[in-house]
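Visitor:
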Amino acid sequence: MTVTLPNECFGNILIFLDIKTLYKCLFINRYFCKLSIPIIWRDPFILTNSKKSCNRIPLINTLLACLDEDEVSSLIPCVIKFNNKTPLFEYGEFIKKIDHKRIIECIITWLEETNGRNFLSLIEKSNYGVEPNYEKDCRVRKLIDAIYHMIMRKSSSLQEFIIIISENYINLPKPSIFTTYQPGISNLRSLNITNSLNFINDNDTKYHNIMEFLIMVSKFCNCIISSHTCVSSLKIIFKISEIVKLQPLKRISINNCNFNNRNVEYSRKILYNLKFRSETLKELIFDSFNFRLIDISFILELKNLEYLEFNQCVFFYQQFLNKEKLQLKELKLVNCETPSTKAIIESLCNETLVKLTLNIEDVGTAIAIKEYCSNINILNAKFPSYLFFDLIVPHICELSSLKILSIYFIEYRGNYKDQLIKMFGDYLVKVDYLFLNFDIELSSFEYFINNCKANLKKLILTINNDSLRKDYLLCVNNFQNVHNSLKVLEIKKYGKEFCWTREEIKIIDLLKNQDIITFLSYE
């Protein structure tokens, strides 16, 4: 096979393939194999997230085959036996992403499979008497240390590190492993630390190496651009705040930090250190964050911020008093407890905003969107069932730059979604893509189709009533006969898959003859 493209160009093409397709490339020829292996091994743990995964055991076998003599010798005291064949590639040098939790899961699965009951019988039960306490077995610790040592010895550019603290968490290896070999962690670009426990005892020795690792990150790294934090440990939060202060972060995500009065100062520290990122930060995400007793007007100092998200956050509003505006391109404000969504829009949004996602809670919110978000192209809007739609929908439909509209419905009581879709049928005049993310009665959909003036190019429709699916398709066909604008029809269904009936296929063929692509998607 003659290849005219340079290896770098061909490798850049293979990057866009999914992992299963890349595995198939290994068997085409040696050329494809040599280019595919480095891409697959950037994140070798990506297919190991299931305990039943058949990938865990061969993965550990391959990693063990890459150990040098000293690393193999370190396993001898624990009588760990494995087939130490010479590997075809130096796989460790390709690894760019480490997921600590998945490494542990793979090691435990490998030990259970290769040692069976002999392994499990040596493991002490945890405090809850349910899950084995694998940390007590020296083989788990030795394998973790040896594999990490090999990766750091071989890896030329480790870029992403994920640490998830969960039940029966096993500590990181000694921090010195991360700096013994060059470049070590100095090229790290992304750091993710997540805690799934309700409480972490900061004095527990099992978390000591995390603290030391975070100190080393602040000291040896200078190019981390992405950080995700979800922890309840005060000491870890303090270390993360130093990373925020010192690293050129472009993206920061802070999740589930529900601080109480006793430790609110720690939450303030990590938040207020964000001001040191005013020149670099592009994306800022708060998820399930409690802003009680915290002034977050510092956000207005992040002049280069383009994406801001608040998801399930509480108690923020009165801090936004600065008249200066951010230059946001996208704002997400979803399921938040706030006195006034309208006030937040007035404080944060202007003509630079192109995408907005939020719950429209009242008429004031709709008016604020029209006034302060006049240039948005994309609107994802959730409507509660208790609103006066006749006062709200007209303001939404008057957004002259709107191209993509996604409508979600939160039904607390009654059946108001049909009223909502009829209102959009009356007022919608200019949208290219429309996504209706809720079931609509056939009569209401017919009303919308007959009255809608917008020349839709793409329609995403949710249909869960199989018996009426043909009638919905006929409505779409009628719409196309009038507008001749539709290019894509996506039928969205929740639950089991289905097959088109003969009658439905005939209508789909009619749509196809009018250049409409029809396809299914499932939730």
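Letter by letter, the sequence shown follows residues 17 to 539 of our numbering.
The beta carbon of each residue, even a glycine, is placed where N, CA and C say it ideally should be.
In its own chain, which residues sit with a C-beta less than 7 Å from the C-beta of residue 484, not counting the 5 before and 5 after it?
Guide: To locate residue 484, count along the sequence shown from 1; it is residue 468. Contacts found: 458.
Visitor: Could you tell me the alpha carbon to alpha carbon distance between residue 448 and residue 200, rounded to whole angstroms?
Guide: Taking the first residue of the sequence shown as 1, we reach residue 448 at position 432. Taking the first residue of the sequence shown as 1, we reach residue 200 at position 184. When rounded, the distance between both Cα atoms is 49 Å.
Visitor: Would you please state the rounded distance, in angstroms, between the beta carbons of residue 496 and residue 527? I believe it to be under 8 Å.
Guide: Indexing the sequence shown from 1 puts residue 496 at position 480. Indexing the sequence shown from 1 puts residue 527 at position 511. The Cβ separation is near 7 Å, so the contact holds.
Visitor: Please list the segments of the alpha helix (DSSP H) lying wholly inside the stretch 351-439, counting only runs of 4 or more residues, in order along the chain.
Guide: Entirely contained in the stretch 351-439, the alpha helix (DSSP H) runs reaching 4 residues are, in chain order, 357-364, 379-388 and 405-413.
Visitor: Whole angstroms are fine: how far does the CA of residue 494 sit from the CA of residue 500?
Guide: Within the sequence shown, the letter at position 484 stands for residue 500. Within the sequence shown, the letter at position 478 stands for residue 494. Each residue's alpha carbon lies about 10 Å from the other.
Visitor: Any idea which residues DSSP pairs residue 306 with across the strands?
Guide: As a working mapping, residue 306 is identified with position 290 in the sequence shown. 330, per the DSSP bridge assignment.
Visitor: Between which two residues does the beta strand (DSSP E) carrying residue 49 extend?
Guide: Translated into the one-based positions of the sequence shown, residue 49 becomes position 33. Note, residue 49: premise wrong, no beta strand (DSSP E); alpha helix (DSSP H) at 46-56.
Visitor: Which residue comes first and which comes last in the alpha helix (DSSP H) that contains residue 115?
Guide: Here residue 115 refers to the residue found at position 99 when the sequence shown is read from its first residue. Note, residue 115: premise wrong, no alpha helix (DSSP H); beta strand (DSSP E) at 113-115.
Visitor: Going by other Cβ atoms of all chains shown within 10 Å of its Cβ, with 16 needed for buried, is residue 46 buried or exposed?
Guide: Translated into the one-based positions of the sequence shown, residue 46 becomes position 30. Answer is exposed; the Cβ neighbour count stays below 16.
Visitor: Reducing DSSP to helix, strand and coil, say where residue 167 ends up.
Guide: Within the sequence shown, numbered from 1, the residue matching residue 167 stands at position 151. Residue state, collapsed to three classes: helix.
Visitor: Measuring CB atoms only, is the stretch 397-410 touching the stretch 418-436, in the sense that at least three cross pairs come out at less than 8 Å?
Guide: These segments touch.
Visitor: Could you tell me whether the stretch 217-227 touches the stretch 157-173, where touching means 3 or more Cβ pairs closer than 8 Å?
Guide: The stretch 217-227, when compared against the stretch 157-173, does not touch it at the 8 Å Cβ threshold.
Visitor: Give the single residue among 522, 367, 518 and 476 whose Cα lies nearest to the Cα of residue 509.
Guide: As a working mapping, residue 509 is identified with position 493 in the sequence shown. Out of 522, 367, 518 and 476, 476 has the C-alpha closest to the C-alpha of residue 509.
Visitor: Along the alpha helix (DSSP H) that carries residue 460, what are the first and last residues, could you check?
Guide: On the sequence shown, position 444 is the one that residue 460 refers to. Where residue 460 is concerned, the enclosing alpha helix (DSSP H) stretches over 458-467.
Visitor: Can we say the stretch 73-89 touches the stretch 21-31, given the rule of at least three CB pairs closer than 8 Å?
Guide: Contact between the stretch 73-89 and the stretch 21-31 is absent, because fewer than three Cβ pairs lie under 8 Å.
Visitor: To the nearest whole angstrom, what separates the beta carbons of residue 327 and residue 351, a pair I think is in contact under 8 Å?
Guide: For this step, residue 327 is matched to residue 311 along the sequence shown. For this step, residue 351 is matched to residue 335 along the sequence shown. Yes, residue 327 and residue 351 are in contact; Cβ-Cβ is about 7 Å, under 8 Å.
Visitor: What residue range does the alpha helix (DSSP H) around residue 449 cover?
Guide: Stepping through the sequence shown from its first residue, residue 449 is reached at position 433. Not the alpha helix (DSSP H): residue 449 falls in the beta strand (DSSP E), residues 449-452.
Visitor: Report the three-state DSSP secondary structure of residue 236 (helix, strand or coil).
Guide: Along the sequence shown, read from residue 1 onward, the residue named residue 236 stands at position 220. Residue 236: helix per DSSP, three-state reduction.
Visitor: Straight-line CA distance for residue 373 to residue 465?
Guide: To locate residue 373, count along the sequence shown from 1; it is residue 357. To locate residue 465, count along the sequence shown from 1; it is residue 449. The alpha-carbon atoms of residue 373 and residue 465 are separated by roughly 25 Å.
Visitor: Quick check: does the Cβ of residue 169 come within less than 7 Å of any heavy atom belonging to the ligand ADP?
Guide: The model on display carries no ligand, and the ligand ADP is accordingly not part of it.
Visitor: So residue 233 packs on residue 209, CB below 8 Å; how close in whole Å?
Guide: On the sequence shown, residue 233 is found 217 positions in, with the first residue counted as 1. On the sequence shown, residue 209 is found 193 positions in, with the first residue counted as 1. Residue 233 to residue 209, Cβ: 10 Å. No contact.
Visitor: Would you kindly work out how many angstroms separate the C-alpha atoms of residue 237 and residue 153, rounded to a whole number?
Guide: Within the sequence shown, residue 237 is the residue found at index 221, counting from 1. Within the sequence shown, residue 153 is the residue found at index 137, counting from 1. In a straight line, the C-alpha of residue 237 is about 33 Å away from that of residue 153.
Visitor: At 4 residues or longer, what runs of the alpha helix (DSSP H) sit wholly inside the stretch 463-523?
Guide: As far as the stretch 463-523 is concerned, its whole alpha helix (DSSP H) runs of at least 4 residues are 485-499.
Visitor: Please state the DSSP three-state secondary structure of residue 267.
Guide: The residue labelled residue 267 in the question sits at position 251 within the sequence shown. The answer is strand: DSSP assigns residue 267 an E or B state.
Visitor: Given that a residue counts as buried once 16 or more other Cβ atoms are within 10 Å of its Cβ, and exposed if not, what is residue 59?
Guide: Position 43 of the sequence shown holds residue 59. Result: buried.
Visitor: Any idea if residue 263 is buried or exposed, counting beta-carbon neighbours within 10 angstroms, 16 or more meaning buried?
Guide: If you number the sequence shown from 1, residue 263 lands on position 247. Burial call: buried.
Visitor: Could you check where the alpha helix (DSSP H) with residue 20 kicks off and where it finishes?
Guide: As a first step, residue 20 is located in the sequence shown; it is residue number 4 there, counting from the start. Segment: none, residue 20 is in no alpha helix (DSSP H) and carries neither H nor E.
Visitor: At what residues does the beta strand (DSSP E) containing residue 177 begin and finish?
Guide: As a working note, residue 177 is residue 161 in the sequence shown. It spans 176-181 - the beta strand (DSSP E) in which residue 177 sits, taken as one unbroken run.
Visitor: Can you give the Cα-Cα distance for residue 227 and residue 288, rounded to whole angstroms?
Guide: Within the sequence shown, residue 227 is the residue found at index 211, counting from 1. Within the sequence shown, residue 288 is the residue found at index 272, counting from 1. The straight-line gap from Cα to Cα measures roughly 21 Å.
Visitor: Helix, strand or coil, according to DSSP, for residue 337 in the structure here?
Guide: Along the sequence shown, one-based indexing puts residue 337 at 321. With a pLDDT of only 49 at residue 337, under 50, the local geometry of the prediction cannot be trusted, and the value read off the model is given with reservation. Coil, per DSSP.
Visitor: Measuring CA to CA, which of 312, 112 and 482 is closest to residue 285?
Guide: Walking along the sequence shown from the start, residue 285 turns up at place 269. For the residues 312, 112 and 482, the minimum Cα distance to residue 285 belongs to 312.
Visitor: Spatial neighbours of residue 542 within its chain, please: CB distance less than 6 Å, with the 5 preceding and 5 following residues excluded, ordered by chain position.
Guide: Not covered by the structure: residue 542. The range shown for the chain is 17 to 539.
Visitor: Note down the Cα distance separating residue 299 from residue 241, rounded to an integer number of angstroms.
Guide: Here residue 299 corresponds to residue number 283 of the sequence shown, with the count starting at 1. Here residue 241 corresponds to residue number 225 of the sequence shown, with the count starting at 1. For residue 299 and residue 241, the distance between alpha carbons rounds to 10 Å.
Visitor: To the nearest angstrom, report how far apart residue 518 and residue 440 are at their CA atoms.
Guide: As a working note, residue 518 is residue 502 in the sequence shown. As a working note, residue 440 is residue 424 in the sequence shown. The alpha-carbon atoms of residue 518 and residue 440 are separated by roughly 32 Å.
Visitor: Using the rule of at least 16 other Cβ atoms within 10 Å of the residue's Cβ for burial, across every protein chain shown, is residue 498 buried or exposed?
Guide: Taking the sequence shown and counting its residues from 1, one reaches residue 498 at position 482. Burial call: exposed.
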